[in-house]
Amino acid sequence: MAEVLRMQNITKIYSNGFMANKDVNLVVNEGEIHALVGENGAGKTTLMKILFGMEDFQGGQILLDGKDAHISDPLDAIAKGIGMVHQHFMQVPSLTVAENVTLGMEPGKGGMFDHRQAVKMTQEISDKYQLKVDANARIADMGVGLRQKVEILKALIRNCRILILDEPTAVLTPQETKELFVQLKALRDSGISIIFISHKLEEVMELCSRVTVLRAGRTVGSDVIENLNPASISRMMVGRDVVLKIEKEAAKPTETVLEVSGVSRRSKEHVTVVDDVSFGIRRGEIVGIAGVEGNGQNDVAEMIAGMASIDHGDIQVNGKSIKGKKIRQIREQGVAYISEDRMTHGCAANLPIRENIMADRVHSKEYKKFGIFTDTKKINQHVEELIREYEVSCDDASQPVRMLSGGNIQKVIVAREFTSGADLIIANQPTRGIDVGTTEMIRKTLVRKAREEGVATLLVSSDLNEILEVSDRLLVMKDGKIVAHFRDASQVSEDLLGEYMLGVKAMTAEEMGDLL
Amino acid sequence: MNIVKFLYVIVRLTTPLIYGTLAASITFKAGLQNMAVESMMLASALTGVLVSAYTQNIWIALLAGVLASVLITLIISFCAFVLKCDLYLVGIAMNTGLVGATVFTMFAFTGSKANTASVLPSLAVGTWDVPILKDIPILGDILSGHSIFTYFAFVAVVLVWVLIYKTKIGLRIRSVGENPLAAESVGISSRKIYFLSFALSGVLSAFGGMFMSMGYLSWFARDMVAGRGMIAMSAMNIASGEPVGSAAAAFMFGAADAFANQMQLWGIPAELISAFPYFVTIFILFVMSAVRKGRDAAGKRHQAA
Amino acid sequence: MKETRRIEFFFEIFRIVLALAIAFGFTFICIAFMTDDPLEALKAFALGPFSNMRRFGQMMGKFIPYLLVGSGMCFIYAANRFNMGGEGVYLLSGCIVTFIGVNIGDSGIPHVLLVVLLMAVGVAIGAGAGLIPALMREKLGVNETVISIMLNYALMYLSTFLVKTLMVDPNISYLGSKPLPDNMKLTRLVPRTNIHSGLFVGLLAVVVVGVIFYRTSLGYSIRICGSNPQFAKASGINMTSSLVLAQVIGLGLCGLGGAVDIMGIYDRYVWAGFTNYGFDGMLVAVLARKNPWLVPLGSFLLAYMRTGASILNYSTELPFEFVDIMQAILVLLIAGEHFMAGFKNKIIFSASKAKNKKEAA
Chain A
6 MAEVLRMQNI
16 TKIYSNGFMA
26 NKDVNLVVNE
36 GEIHALVGEN
46 GAGKTTLMKI
56 LFGMEDFQGG
66 QILLDGKDAH
76 ISDPLDAIAK
86 GIGMVHQHFM
96 QVPSLTVAEN
106 VTLGMEPGKG
116 GMFDHRQAVK
126 MTQEISDKYQ
136 LKVDANARIA
146 DMGVGLRQKV
156 EILKALIRNC
166 RILILDEPTA
176 VLTPQETKEL
186 FVQLKALRDS
196 GISIIFISHK
206 LEEVMELCSR
216 VTVLRAGRTV
226 GSDVIENLNP
236 ASISRMMVGR
246 DVVLKIEKEA
256 AKPTETVLEV
266 SGVSRRSKEH
276 VTVVDDVSFG
286 IRRGEIVGIA
296 GVEGNGQNDV
306 AEMIAGMASI
316 DHGDIQVNGK
326 SIKGKKIRQI
336 REQGVAYISE
346 DRMTHGCAAN
356 LPIRENIMAD
366 RVHSKEYKKF
376 GIFTDTKKIN
386 QHVEELIREY
396 EVSCDDASQP
406 VRMLSGGNIQ
416 KVIVAREFTS
426 GADLIIANQP
436 TRGIDVGTTE
446 MIRKTLVRKA
456 REEGVATLLV
466 SSDLNEILEV
476 SDRLLVMKDG
486 KIVAHFRDAS
496 QVSEDLLGEY
506 MLGVKAMTAE
516 EMGDLL
Chain B
752 MNIVKFLYVI
762 VRLTTPLIYG
772 TLAASITFKA
782 GLQNMAVESM
792 MLASALTGVL
802 VSAYTQNIWI
812 ALLAGVLASV
822 LITLIISFCA
832 FVLKCDLYLV
842 GIAMNTGLVG
852 ATVFTMFAFT
862 GSKANTASVL
872 PSLAVGTWDV
882 PILKDIPILG
892 DILSGHSIFT
902 YFAFVAVVLV
912 WVLIYKTKIG
922 LRIRSVGENP
932 LAAESVGISS
942 RKIYFLSFAL
952 SGVLSAFGGM
962 FMSMGYLSWF
972 ARDMVAGRGM
982 IAMSAMNIAS
992 GEPVGSAAAA
1002 FMFGAADAFA
1012 NQMQLWGIPA
1022 ELISAFPYFV
1032 TIFILFVMSA
1042 VRKGRDAAGK
1052 RHQAA
Chain C
865 MKETRRIEFF
875 FEIFRIVLAL
885 AIAFGFTFIC
895 IAFMTDDPLE
905 ALKAFALGPF
915 SNMRRFGQMM
925 GKFIPYLLVG
935 SGMCFIYAAN
945 RFNMGGEGVY
955 LLSGCIVTFI
965 GVNIGDSGIP
975 HVLLVVLLMA
985 VGVAIGAGAG
995 LIPALMREKL
1005 GVNETVISIM
1015 LNYALMYLST
1025 FLVKTLMVDP
1035 NISYLGSKPL
1045 PDNMKLTRLV
1055 PRTNIHSGLF
1065 VGLLAVVVVG
1075 VIFYRTSLGY
1085 SIRICGSNPQ
1095 FAKASGINMT
1105 SSLVLAQVIG
1115 LGLCGLGGAV
1125 DIMGIYDRYV
1135 WAGFTNYGFD
1145 GMLVAVLARK
1155 NPWLVPLGSF
1165 LLAYMRTGAS
1175 ILNYSTELPF
1185 EFVDIMQAIL
1195 VLLIAGEHFM
1205 AGFKNKIIFS
1215 ASKAKNKKEA
1225 A
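Residue numbers (this note's numbering), protein chains in the order written: chain A, 6 to 521; chain B, 752 to 1056; chain C, 865 to 1225.
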């Protein structure tokens, strides 16, 4: 089989020094469905962005049909026959299928848009590749499965020969997934090469002929499907190159602080993202939720924090329900939240460190003089103490947060949340993209808070080191459900964790035991 | 009160509002918050008057007015999309700045700071007694004999509708407005579309402005747009940016204006009459948003049930 | 890192100076085209306000209300809720204050009490009127800018109506109220000039606003809401009350500005249309970069510009509206974040490179 794409020794270093891809190799043959697998942060998305002309790279080369190809931007990539179906569809909801598909290459004379011709063009492609859609339907009225077909048609109508699909089945029902596979196989048979990015190993086994595994920015292995099985792929994907052990004493949990009972939630597209989840966290213990991103852990964290609504079930903090309550009330009940997107929800970038730290406590009597004025001395003392304690590298408390490095911004946020007097701290990807030193400090502080101050902690993280070393108890989520419960995280091997994360194994209710 | 005359006045007074609301709806469809219709109207109103006086050629004057308005949009686009000034603030700054700028320019050319009435021999675009229509009783009295700008306003509604829904440019504008990422992924430059939609908005505003200074009157007076751009924007908001709906909503505000005129005949003091349309606009917006809020709340309750 | 901050600080000043230079450059072009003796004209514009006590007083007469509307609009700008009702509020406040003053000013009420009462009325009118766009935005989602501008026109006509019907002086040829009783006029600090004791009120207002901004939880909340509303919500800040209060206080100060202006330099109410003080306040807030402590600087700069323009107008016939154009240029350039941002980043980048080189050596 002829080689249609060769990405050789690709190295990409971001401007902050983070190495996203190191000497990555990927070879795709003509007419094959090639799986690209790896955890979040392994470098798959970056690699595909490079292929699609959305990112530049520092080392290596890209060969298309054996010839050197310099892909300058997405339009160039499209011109060279590369098409990409993003995880979040790039569609205009109020327009029809035909309009979305022909956007940018609209048919028509004299500036007028010939909708009928657009429909014809779309229908032609749709029939040719057996991707049945109604070209006249509006995107907003269509279900996710159909919308995905439209995304694929967008690529096909531009004569793509290599089609990249980024986690295509994440939003599909089982029935839609089956249909998609039939279509992808038909596309393959008609000569189109497909790069299939996914975590769902069952699907990879069913659909793909070859697999390339990335981990921590490097190619860990590449083989034909006949030589692999889910377990072996899982072992390649999930593992730590460096084990960062954290010293901690055993947890001595006491009363229950958080009780999540039968909680479910559906996304905007009516897909169930959290499915009947129940667990509890006690004072003094850290419970981690591991899982490949997008399996519901983020939604669970947001529901407890009050940022997302609870469709079914209940969540109680210190015995009182938080369902339907405003964020302010939930925080007053003793909940602190380190948000995943720190710049949007975690800080006000243009304001000084002082204001960012005081945001949730400036109203309290403790910092007021004569009831109205803020006690500047006390506030400055407090802020300076935190800057010292959390080692925030800055000029002074008046420095705007946007001037700090990412790690220091997170330190400010963490300093605030850790000192908000909460009984429950939710840490959602607290050290993502942060330097090693700060990461270690935040993890140690999480443990200290739990042990010394008896704070109950929920940790959601895709970082293996973090989830295995910091957590006392460990839950694993897949497809919105809890599929594993380990009472002692330090006893869990990476291989075992990987199998649960990737759906190779799942515990029964008995095996999980009491989740509270 | 003569109902027929009243309806005639409504049509006349709604004319600039229709242009303004069409101008606002184009930028709305592109996803932009265009507050600056006032400034575009002022610029074109003055330019039309000046050029028509000096060239004594109505067509050149109209063209000049359109160009002036488009120039204003270029300044707005540059400040908002290149200098990254808050679009809102740009609109507010341009509106206020143009009041002074037009007075200044008027003075530079005519030596007058109040209006150009006695000073410039500016032209006006005439009225048209529509054949056949003018002889129909009642309907003819309401719809015939308006300024050509008025008739063109109705044509403009159709043109803008066709532009937005039937042309390639319109398709791209709507795409950028709803999902800029989707447009960029197929190679459409959002920034170019923003510049273009503002320019188109400028063209439409120009006719609205020139109606005021060359349609009914034939002179320019200080601050003669007097908030109509804002009112037109409100009409557009009520109809969620749909060109036809916005024009219909504009009539509501035109009616308030006409009613104010009517109040003159009842001996109500001039200032209260002048204030009336503005109070009414506030009231209309209050009612419409309260209704919308009530409907949304009922919808949510229905959904949860 | 202190380096970056220092660079940013100097850059802000550089940007403002550059914007001023561009604005002044534009002025000079206008002057050159429209006057016979451009250099004389430029001298009149640039040095005029300082040439004698009366003119200096004229400048101070503008400076004082600018302190008030400027600090008021800082609330609006910082909250990111562009409630521009200052124009209408300024007029109505002046009008009502005139009405009350004319009617009770000579009734034996002590001067200080009267003045304080009238100022309170000014604040109340501003606050009350400012509440309308504020509530309509926070409770109903209506665009507060549109409502505020509608309100401006409505209040402007209303004020003229009230003057005509309630307090008009039939003995003068132009539209104006009956003369203001001396009892309600603010003391002149320097006789025969426009420098009046309202200056203390203005400076006090700046201090009060500065304190509110940086020394109260309300100030914190307003600034956080304006900077990142999502963060404000996530931190549990009550956005509705913070934003409504910001607009109410902001416009209350504009109302106070109108009252102080009337009591300070006028013999009767003569405003027949917008005074432009509302939008001027916005410019002061932009010049002051949302920082109340810088409002005196911004106010002084603007007062200087407008007085210079007025003097220029007196001596050359050049209409002072060109200042409106200058104002727009200043707002657009200064508030345009990217104005010179590329240049600034280059300097920061090369400075850090130089530092790295030094440390490596």
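No residue lacks a Cβ here, since even glycine has one placed at the ideal position from N, Cα and C.
Source: prediction; values computed, not measured.
### Message
What does the Cβ neighbour count give for T5 (chain A), buried or exposed, with the cut at 16 atoms within 10 Å?
### Response
The structure shown does not extend to residue 5 (chain A), since chain A is modelled only from 6 to 521, so the question has no answer here.
### Query
Start and end of the beta strand (DSSP E) containing Q66 (chain A)?
As a working note, residue 66 (chain A) is residue 61 in the first sequence. Its beta strand (DSSP E) spans residues G64 to L69.
### Task
Grab the span of the alpha helix (DSSP H) containing Q1015 (chain B) for me, first residue to last.
Counting from one through the second sequence, the residue named residue 1015 (chain B) turns up at place 264. P994 to L1016 is the span of the alpha helix (DSSP H), which, as asked, contains Q1015 (chain B).
### Query
Name the chain A residues that come within less than 8 Å of I708 (chain B), Cβ to Cβ?
For residue 708 (chain B) there is no data in the structure shown, the boundaries of chain B being 752 and 1056.
### Message
Here's the rule: buried if 16 or more other CB atoms are within 10 angstroms of the residue's CB, otherwise exposed. What is R478 (chain A)?
### Response
Here residue 478 (chain A) is taken as the residue at index 473 of the first sequence, counted from 1. Buried, since its Cβ has 16 or more Cβ neighbours within 10 Å.
### Task
Give a yes or no on whether the minimum CB-CB distance between E789 (chain B) and chain A is below 8 Å.
As a first step, residue 789 (chain B) is located in the second sequence; it is residue number 38 there, counting from the start. With 8 Å as the cut-off, E789 (chain B) does not count as an interface residue toward chain A.
### Within chain C, partners of I332 (chain A) - CB distance below 9 Å
By 1-based counting over the first sequence, the position of residue 332 (chain A) is 327. Near I332 (chain A) (Cβ distances below 9 Å), the residues of chain C are K1097, A1098, S1099 and G1100.
### Message
Is there a Cβ of chain A sitting closer than 8 Å to that of N930 (chain B), yes or no?
### Response
Mapped onto the second sequence, residue 930 (chain B) falls at position 179. By this cut-off, N930 (chain B) is an interface position.
### Query
Taking Cβ-Cβ distances below 7 Å as the criterion, which residues of the segment 868-896 of chain B are in contact with chain C?
none
### Message
Nearest by alpha-carbon distance to Y372 (chain A): which of C:L1082, C:L1166 and C:S1041 is it?
### Response
Along the first sequence, read from residue 1 onward, the residue named residue 372 (chain A) stands at position 367. Checked all of C:L1082, C:L1166 and C:S1041; the closest Cα to Y372 (chain A) is C:L1082.
### Message
Please list, in chain order, the chain C residues whose beta carbon lies closer than 8 Å to that of S214 (chain A).
### Response
Taking the first residue of the first sequence as 1, we reach residue 214 (chain A) at position 209. Here the premise fails: no neighbours, minimum Cβ distance about 45 Å.
### Query
Unbroken beta strand (DSSP E) runs of length 3 or more, entirely within the segment 451-514 of chain A: which are they?
461-465, 478-483 and 486-491
### Task
Would you list, in sequence order, the uninterrupted alpha helix (DSSP H) runs of no fewer than 4 residues that lie entirely inside the segment 979-1037 of chain C?
1008-1030
#### Entry: Per-residue DSSP class, three states only, for F378 (chain A)
Within the first sequence, the letter at position 373 stands for residue 378 (chain A). It is a strand residue.
#### Entry: Residue of A:P173, A:L100, A:G503 and A:Y19 minimising C-alpha distance to I157 (chain A)
In the first sequence, counting from the first residue as 1, residue 157 (chain A) sits at position 152. Out of A:P173, A:L100, A:G503 and A:Y19, A:P173 has the C-alpha closest to the C-alpha of I157 (chain A).
### Query
Counting pairs of Cβ atoms below 8 Å between the segment 1105-1114 of chain C and the segment 989-1007 of chain C, do you hit three or more?
yes
### Query
Taking 8 Å as the CB-CB limit, is L80 (chain A) close to chain B?
As a working mapping, residue 80 (chain A) is identified with position 75 in the first sequence. Chain B contact via Cβ: present.
### Query
How many Å lie between L52 (chain A) and R1052 (chain B) at the Cα?
Taking the first sequence and counting its residues from 1, one reaches residue 52 (chain A) at position 47. Taking the second sequence and counting its residues from 1, one reaches residue 1052 (chain B) at position 301. In a straight line, the C-alpha of L52 (chain A) is about 46 Å away from that of R1052 (chain B).
### Task
Give a yes or no on whether 8 Å exceeds the smallest Cβ distance from T962 (chain C) to chain A.
The count along the third sequence starts at 1 and reaches residue 962 (chain C) at position 98. Cβ-Cβ to chain A under 8 Å: no for T962 (chain C).
### Task
In the DSSP assignment, find the unbroken alpha helix (DSSP H) run with G934 (chain C) in it and report its ends.
The count along the third sequence starts at 1 and reaches residue 934 (chain C) at position 70. Run containing G934 (chain C): M917 to A943, per the alpha helix (DSSP H) assignment.
### Query
For the beta strand (DSSP E) that contains Q321 (chain A), what are its first and last residues?
Against the first sequence, residue 321 (chain A) aligns to sequence position 316. Run containing Q321 (chain A): H317 to V322, per the beta strand (DSSP E) assignment.
### Query
How is the alpha helix (DSSP H) around F949 (chain B) delimited, first residue to last?
The residue given as residue 949 (chain B) occupies position 198 in the second sequence. S941 to F962 is the span of the alpha helix (DSSP H), which, as asked, contains F949 (chain B).
### Task
Would you kindly work out how many angstroms separate the C-alpha atoms of T765 (chain B) and I973 (chain C), rounded to a whole number?
Residue numbering aside, residue 765 (chain B) sits at position 14 when the second sequence is read from its first letter. Residue numbering aside, residue 973 (chain C) sits at position 109 when the third sequence is read from its first letter. Roughly 52 Å between the two C-alpha positions.
### Task
Going by DSSP, name the residue or residues bridged to P405 (chain A).
Here residue 405 (chain A) corresponds to residue number 400 of the first sequence, with the count starting at 1. Looking at the DSSP assignment, P405 (chain A) forms a beta bridge with A:P357.
### Query
Any Cβ of chain B within less than 8 Å of the Cβ of E1185 (chain C)?
The residue labelled residue 1185 (chain C) in the question sits at position 321 within the third sequence. For E1185 (chain C), the answer is yes, since a Cβ of chain B falls inside 8 Å of its Cβ.
### Task
Hey, could you find the ends of the beta strand (DSSP E) Y759 (chain B) is sitting in?
Counted from its first residue, the second sequence places residue 759 (chain B) at position 8. First-last for Y759 (chain B): I754 to K780, but that is the alpha helix (DSSP H), not the beta strand (DSSP E).
### Task
Kindly indicate if chain C contains any beta-carbon less than 8 Å away from that of A1056 (chain B).
What you label residue 1056 (chain B) is simply residue 305 of the second sequence in a count that begins at 1. Summary for A1056 (chain B): the model assigns pLDDT 49, below 50, so the residue's position carries little reliability; its value from the coordinates is reported in the next sentence. It does not: the Cβ of A1056 (chain B) has no partner Cβ on chain C nearer than 8 Å.
### Query
Is any beta-carbon of chain B found at less than 8 Å from that of E111 (chain A)?
Position 106 of the first sequence holds residue 111 (chain A). It does: the Cβ of E111 (chain A) has a partner Cβ on chain B nearer than 8 Å.
#### Entry: Segments assigned beta strand (DSSP E), at least 3 residues, entirely inside the segment 142-213 of chain A
167-171 and 198-202
### Query
Cα-Cα, which of C:V966, C:L1015 and C:V976 is closest to L956 (chain C)?
The residue labelled residue 956 (chain C) in the question sits at position 92 within the third sequence. Here the closest residue by C-alpha is C:L1015.
### Task
With DSSP as the reference, label K328 (chain A) as helix, strand or coil.
The residue labelled residue 328 (chain A) in the question sits at position 323 within the first sequence. In this structure, K328 (chain A) counts as coil in the three-state DSSP scheme.
#### Entry: Closest residue to Q63 (chain A) among A:E37, A:K17 and A:V268 (Cα-Cα distance)
Locating residue 63 (chain A) in the first sequence gives position 58, counting from the first residue. Ranking the options by Cα distance to Q63 (chain A), first place goes to A:K17.
### Query
Helix, strand or coil: which one does DSSP assign to R245 (chain A)?
Residue numbering aside, residue 245 (chain A) sits at position 240 when the first sequence is read from its first letter. In the structure shown, R245 (chain A) sits in coil (DSSP, three-state: anything other than H, G, I, E or B).
### Query
By the 10 Å Cβ neighbour count, where 16 or more other Cβ atoms means buried, how is R1046 (chain B) classified, buried or exposed?
In the second sequence, counting from the first residue as 1, residue 1046 (chain B) sits at position 295. By the 10 Å Cβ count, R1046 (chain B) comes out exposed.
### W1135 (chain C) - DSSP class collapsed to helix/strand/coil
Indexing the third sequence from 1 puts residue 1135 (chain C) at position 271. Here W1135 (chain C) sits in coil by DSSP.
### Message
Here's the rule: buried if 16 or more other CB atoms are within 10 angstroms of the residue's CB, otherwise exposed. What is I899 (chain B)?
### Response
Your numbering for residue 899 (chain B) matches position 148 in the second sequence. The residue is exposed, with fewer than 16 neighbouring Cβ atoms inside 10 Å.
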